[in-house]
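Right, dumping it as C-alpha cells:
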C-alpha cells in the first residue's frame, strides 16, 4: 500500500493520529471509516489491558519488548522495506522515530504499573494536546490549555486519589514522547515512501528497549502459555490498530479522525473497568472529561 502526502490548508498530520495523513480514495470502505477508527481505539485499549495482566510475569519492560519486536516482525514481513536503497537521512528518521516509540511505549507501561489505565491515558493525552496548542496562537487555545490543566490538577489534588506522583509523571513523559512520535512519524513519511519505515522504526525501538526488557521477556520461553498473551498485545496495540487507522484515514478527513480520537481516554477507562476491574471516582472521571473536551475543542478550533 502506498502513502501519499496531501497538500491542503490543514496540517500534514493530525496531532491525535499515530501516522501521517493519507490521500482519500474514492468510494466507501466495506465498513464505515468512523467505525474503523472506534475499533482501532478499542483495540489499543484492550491491548493495554491485556498487557497489564502480563506485568506480574514479564514486567512492564518485558511486555514492551515483546510488543515492539513482534509488531516489527509482522509489519516487516507484510511490507518488506527495501532498506538497501535508503539514504542516510532515511535511517536517521527511522532511528528518531524508533527512539520516540521506545520511550512512548516503555514509559506508558511503567506508568500502568501504578496508575489505572484510564488515568494513565488521560495524562498521556496531554502530550499530543500540548503539541496541538503549541502550533496555534489563538486566544481560544489558552482556554483549552487551562481546561486540560484543570483536569490534570484534579488528579493531583485532594486525598481521595491514591495514584503515586511517580506514575503520573511517567504517563506525562510518555505523552511527551507521543508528541515526539507524531513529529518524527511525519518526518519519516516525508523521506521514506510506503509504510516500510514503520517496521524499521519498530525494530529500532525494540533494540532500544532490549537492555531493559530482556530479562523479563525471557520468562515467556519458560512459560509458553504467556506467548499468546504477548502476541495479542502486539496485534491489538500495534498491528490491528495501525491497519484500521490506515484504512480509515483513506476515507475520512483528519478532522473527523482527531475528533474521534478524543474519545480515547474514555475508552481506556472502560477497558480498565471491564478487563482490569479498575473503577474511577468522580474526581478521576471529571479529569478525564475535562482533558477529552480540551482535546476535542483544540481539534475543532485548529481545523476551523
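Residue numbers (the working numbering): 43 to 346.
Positions of the beta carbon are idealized from the N, C-alpha and C atoms, including for glycine.
For residue 85, the enclosing alpha helix (DSSP H) has its first and last residue at 75-121. Apart from the 5 residues on each side of it in sequence, residue 273 sits with its Cβ closer than 7 Å to the Cβ of 112 in its chain, given in chain order.
Comparing alpha carbon positions, the residue from 83, 76 and 106 closest to residue 271 is 106. Annotated three-state conformation of residue 214 is helix, per DSSP.
The three-state reading of DSSP puts residue 323 in coil, since its state is none of H, G, I, E or B.
Setting aside the 5 residues that flank it on each side, residue 146 is surrounded in the same chain by 216, 219, 220 and 223, each with a C-beta closer than 6 Å to its C-beta; the list follows chain order. Between the alpha carbons of residue 340 and residue 299 lies a gap of roughly 13 Å.
Between the beta-carbon of residue 283 and that of residue 90 there is about 11 Å, and that puts the pair past the 8 Å contact cut. The closest CA to that of residue 311, considering only 295, 229, 329 and 294, is found on 329. Of the other Cβ atoms in all chains shown, fewer than 16 fall within 10 Å of the Cβ of residue 207; this residue is therefore exposed. In this structure, the CA atom of residue 118 is about 37 Å from the CA atom of residue 335. Across the structure, residue 252 and residue 109 are spaced so that their CA atoms are roughly 12 Å apart. Three or more pairs of CB atoms, one per stretch, sit closer than 8 Å, so the segment 132-150 contacts the segment 239-247.
In terms of CA proximity to residue 149, 213 leads the group 244, 213, 280 and 278. Under the 10 Å beta carbon count, residue 293 is surrounded by 16 or more other beta carbons and is classified as buried. Membership of residue 175 in the alpha helix (DSSP H) is indicated by the continuous run 168-176. Each residue's CA atom was taken as its position, placing residue 285 and residue 78 some 9 Å apart. Between residue 258 and residue 101, the CB-CB gap stays under 8 Å. A distance of 8 Å or more separates the beta carbons of residue 276 and residue 143. The Cβ atoms of residue 154 and residue 162 lie closer than 8 Å to each other. Shown here, residue 164 sits in a helix according to DSSP, grouped into three states. The C-alpha of residue 169 is placed about 20 Å away from the C-alpha of residue 181. Annotation for residue 257: the continuous alpha helix (DSSP H) segment containing it runs 238-259.
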